[in-house]
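Report on one structure; see the data block that follows.
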Amino acid sequence: MNSIIWLVAIPLLGALLCTVFPRLANRIGWMFAAGNMLAALLVMHTVSQEGAFHYVIGGWSQGLGIALFADSLTALMVVMSAIIALAVSIYSTAYFTDTKKQAFYWPLWLLLLTALNALFVSADLFNLYVTLELLGLAAAALTAMGGSKEALSAAIRYLLIGLIGSLTFLAGVVLVYTAYGTLDIAVLTQQFQNNKVSWAIATLMTLGLMIKAALLPMHFWLPPAHANAPAPVSAVLSALVVKAAIYLMLRLWPDIFYPLANIGISYVLGGLGAAAIMWGSYQALRAQRIKLLAAYSTVAQVGYLFLGLSLIIVLPDGELRHAVMVGVVLLALTHAFAKAALFLAAGVIMQRGGHDRISDLDGTAQTLPVTTFTLALACVALIGLPPSGAFLGKWQLLTVLLHEGLWFWIIVVLSGSLLSAAYAFRLLGHAFGKKNIPHKRLAIGLEELPALVLSLIATLVLAFASAPVAKFIQPLSGVSQ
Amino acid sequence: MENIAWSAFDVLLIAATLSLAWASLTTEHLRRAVIFFIAFGLLLSLIWLRLKAPDVALAEAAIGAGLTGALLLAAVADHQKPINKKPDQKFSLADFVANTFLNLLFIAFAIVFGAAYTFALNEVNDSRLTDIVFQHLPGTGVTNPVTGVLLDFRAYDTMLELAVLLAAALGVMAIGKTRRDFVKPGDMERGLSQWLIPTLIILSLYLLWAGANAPGGAFQAAALLAAAGVVMRLTGYVDGGLPQGIWLRVLLVSGVGGFLLVSLIMMFAGRIYFDYPESWAGSLILLIESMATISIAATLVVAYLCGQPDTWFGGQQKENKHAD
Amino acid sequence: MINLIALCLILFGLFFFIAGSIGILRLPDIHSRLHALTKADNLGLGFLALGLILLSGDIFIAAKLLLAWLLVIASSAASAQLIAQRARRRERDVWKI
Amino acid sequence: MLIDQILYGLCGIVLFTFGLRIAFSPVHFLRRLLAINVAGAGLFLLLLSVAYRGFDQAPDAVPHALVLTGIVVAFSATALAVALARQLQNRDKENE
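Residue numbers (our numbering), protein chains in the order written: chain A, 1 to 481; chain B, 1 to 324; chain C, 1 to 97; chain D, 1 to 96.
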């Protein structure tokens, strides 16, 4: 039962130690990332044995203290972020050479990891606001470490939009406390009725989380932030930080806002998701740099997840809703691993080649064969070609859409995949381009290994994951009642 | 007669606050906007007093108006040109339509939010969590309910909030070094500071001690201590009275560290996380509170320095060069 | 009886506050405004504190009120000096912001 | 449900909406930061007017702790934003 506390305590302890001993920050950092990995596996094990469990901090009852809650969805998300965190930590030991930058990178990075874990396990609305704030602050500070002027202005815009997002979320939390007198999610799930106040609460919280997840109308802060941040930071921003807001939507809508579910909401969210898919893929096609391409593809993938979410909201409990849930989880997991691999590979190219402009990428296959192989695998996973988890996710989504006869969404999903295939092959075409200089193969093991492992997970491991994930995720609505 | 006078006072107070907020966000000179914002912060702490929230009034006056104001004033010190009106401001229809549409949108948002708020108010009987807090308060060893909630019932929240503060301080230091160009302190400031700083420190200790049973506590005490640091910074001590090298780093970390260690010790002793034993609950809270006070004060001063102190990596503090 | 005296003191203090505010609005240049502000407000606060001390009747609260008054006097006097020095230096350089 | 609660609550809502309205309009970055602080203050005012339970009754302590946490979080966000802005200004000054 205490394993849930280690999830927050280990990265926080690591952050404190890295602050006090800046010269050892490199070693302390990735060791605590490994420790976090163990804690995540422990939580996964506890959940698989005993199912979802509550843990009230300080032992206070009746919604006074803060409760932590871990169910199958939390366990999957926590293990996903632990694996990516470990890979990114190993990569950043090689990426950051200047000790002054390391001294501040590692504490901020571990604080971001603490915020992520605290957000995944928390079951108290105001606590979610504090974790969202810590996440946004640490991410903005890390983006600003990119050093260039664009990184600074991107970090400022990211911080301000993030603040507006969490303030809107806080407005929803304040209304919840006014109307229901409690902040605990489990208590709220029983008390929530379908009246005008609950509609105001749901809209405020959803608006706040949409801003945080960079859904279409509020996505303009994401591409500059993710493109100008240092490579390991943008890997984490795209793979994990954006997922936190989507995880909260998955946590809030099926549980608390279940009485409010109606067709209108799903069309709004689905429509925005579809628009995000189209707009993100179109911009990715026109991107000049790998990191910008990856950032816009994140905007598109957020669209897929919101499309799946809109289905989960409106479908009645049962087989169909469970299938969509599994599809959304698979899509989220694969996108996280593939996007992290893509950004880390772009980081290697940036450091070795000095730039990441797509048009001048020819010769990368000769000089950096492993990185190009990682790029290819990541693109396979992003498009959703068969050996990857995304294929299974989209397959689940499409079967449910077919069953429901929602033709418009099917066209959107398919054309989205087509567009992502277009920008992926454009990238790979340049990377495999011939260059007449005699190629010298660079073998840099430590830097390229994490990216390779992540892309292999995205394509091969997750390809066989649909059955175990389906079994592991209990039917959603039955979880917290 | 009694509550009519109070309602009149309320309307006056609200009108003053709203007009200050309006002034702060719409004047063209940025420096004037910051000064209006500081006045708005002070009026806000008056409102907190009216709503019977003395702890929050202390924190608002010290952190919300004081430190935030000092920080913003330092930031806008070198802003000359009026920001709002661009010289070639010709009337463009598109802007006008966009602005009115946005205004209407936000007015509608306010009306919906207000309606939801008034409906929500009479949904629940007034007590919400009050009775449960007072029922469990004796178990926390403190009599001030706000300190009880902050450091015992929701101590996990406060730990994460200190982590937010630490993240902000690290982010501020990661960006660059503190600025060194300073006006040489005349005898006026030195005279004042030699007298003012000890008073601030004593007041801060009083607030920390009073926090257990009267309005006060870690954040208010830390804000006063940070005010002493700001006064030192303004009177020539470039590093604002912060310790050197590793001691500064340990100090910054001791707030969150105190929370984490105590909570983990409770867990090792077989109790639930953050569950203080009845007998030493009061003294445990005081221990955490005092570590948090010094740590928050140091973090607030670092945030005010707007950069990395010279001695962060352990070097000697360079002689502070005064620009006249 | 005590309340009556306290009420008069407080009203007297308010009168000084109003005088200070009118001083700021009406007086021409920065120096005379500073003069009006610091003098009138400090005196007004003094009377206010005295009135409240009579009302409170508790020695600790009285001591705190006096301490508050002293702090306000010290800080407003120092800041008035600083603002005046800066205004003097600005006029000497005849450099308008 | 007291008249004071409604009065101060609506004042908080007006501050929150006005802050957001300015935060979304294209103004200088520091003014947008002020707008966000004003919006946050509006929300805290709303929270504390919910906690207010009459002149002679003890108020609800939980919102007070939440607002204290909110004030410190708002300050740290402002401190980071100001530090970023000043560094950006130095960069502009350098290559001007």
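Note that the Cβ used here is the ideal one computed from N, Cα and C, for glycine as well.
So who's on the other strand from Tyr486(A), going by DSSP bridges?
-> The first residue shown for chain A is 1 and the last is 481, placing residue 486(A) beyond what the model contains.
So what does DSSP say about Leu305(B), is it helix, strand or coil?
-> It is helical.
Pairwise C-alpha distance: Val453(A) and Ala74(D) | 39 Å
Note down, in chain order, every chain G residue with its Cβ under 8 Å from the Cβ of Leu43(D).
-> Chain labels in this structure do not include chain G; the protein chains are A, B, C and D.
Does any CB atom of chain D fall closer than 8 Å to the CB of Met1(B)?
-> no
Does the beta carbon of Gly64(B) come closer than 8 Å to any beta carbon on chain A?
-> no
Buried or exposed: Lys291(A), going by 16 or more other Cβ atoms within 10 Å of its Cβ?
-> buried
With burial defined as no fewer than 16 other Cβ atoms inside 10 Å of the residue's Cβ, what is the status of Arg128(B): buried or exposed?
-> buried
Alpha carbon of Phe106(B) to alpha carbon of Asp255(A), nearest angstrom = 30 Å
Helix, strand or coil at Glu447(A) according to DSSP, with G and I counted as helix | helix
Sequence-distant residues of the same chain with beta carbon closer than 6 Å to Ala227(B), five excluded per side | Leu200
Using alpha carbons as the reference points, say which of Ile6(D), Ile3(D), Leu46(D), Val14(D) lies closest to Ala108(B).
-> Val14(D)
Using Cβ-Cβ distances below 9 Å, what residues of the segment 38 to 60 of chain A are close to chain B?
-> Listed by position along the chain: Tyr55, Val56, Ile57, Gly58, Gly59, Trp60.
Euclidean distance between Cα positions of Gly211(B) and Ala59(B) | 12 Å
In angstroms, rounded to a whole number, what distance separates the CA positions of Ala245(A) and Ile457(A)?
-> 23 Å
When we look at the beta-carbon of Thr17(D) and count the other beta-carbons within 10 Å, is it buried (16 or more) or exposed?
-> Counting C-beta atoms within 10 angstroms of its own C-beta, Thr17(D) has 16 or more neighbours from the protein chains shown and is therefore classed as buried.
Any idea what DSSP makes of Val299(A), helix, strand or coil?
-> helix
Mind checking the segment 112 to 134 of chain A against chain D and listing, in chain order, the residues whose C-beta falls within less than 8 Å of any C-beta there?
-> Answer in chain order: Phe126, Val130, Glu133.
Please report how far the alpha carbon of Ala208(A) lies from the alpha carbon of Leu250(A), in whole angstroms.
-> First, the amino acid is wrong: residue 208(A) is Gly here, not Ala. Roughly 14 Å separates the two Cα atoms.
Could you round the C-beta distance between Leu73(A) and Ile473(A) to whole angstroms and report it? I think they count as a contact, below 8 Å.
-> 6 Å
Counting along the chain, where does the alpha helix (DSSP H) carrying Ala261(A) start and finish?
-> Going by DSSP, Ala261(A) is part of no alpha helix (DSSP H) at all; its letter is neither H nor E.
Sub-8 Å separation of Gly303(A) and Gly271(A) beta-carbons | no
Can you check DSSP and say which residues form a bridge with Asp124(A)?
-> Answer is Asp184(A).
Beta-carbon proximity of Asn127(A) to Ile66(A), cut-off 8 Å | yes
Rounded Cβ spacing between His430(A) and Ile358(A) (contact assumed at less than 8 Å) | 5 Å
What did DSSP end up calling Lys321(B) once you bin it into helix, strand or coil?
-> Because the pLDDT at Lys321(B) is just 49, under 50, the model does not fix this residue reliably, and the value given afterwards should be weighed accordingly. DSSP places Lys321(B) in coil when its eight states are reduced to three.
Closer than 7 Å at the beta carbon, the chain D residues around Val164(B) | Val73, Ser76
CA-to-CA distance, Leu134(A) to Ala163(B), given in whole angstroms | 7 Å
Measuring only between beta-carbons, confirm whether Val174(A) sits less than 8 Å from chain D.
-> yes
Meets three-Cβ-pair contact criterion under 8 Å: the segment 237 to 246 of chain B and the segment 278 to 289 of chain B | no
Spatial neighbours of Trp312(B) in its chain, beta-carbon cut-off 8 Å, leaving aside the 5 residues before and after = Met173, Gly245, Leu248, Arg249
Quick one: give me the first and last residue of the alpha helix (DSSP H) that Gly42(D) is part of.
-> 29 to 51
Gly257(B) versus Ala323(A): straight-line alpha-carbon distance, rounded | Rounded to the nearest angstrom, the two C-alpha atoms are 44 Å apart.
Taking the alpha carbon of Ala25(A) as the point to measure from, which residue in Leu68(A), Gln102(A), Tyr91(A) has its own alpha carbon closest?
-> Gln102(A)
From Gln85(C) to Thr19(A), what does the alpha carbon distance come to, in whole angstroms?
-> 43 Å
Any Cβ of chain D within less than 8 Å of the Cβ of Ala155(A)?
-> yes
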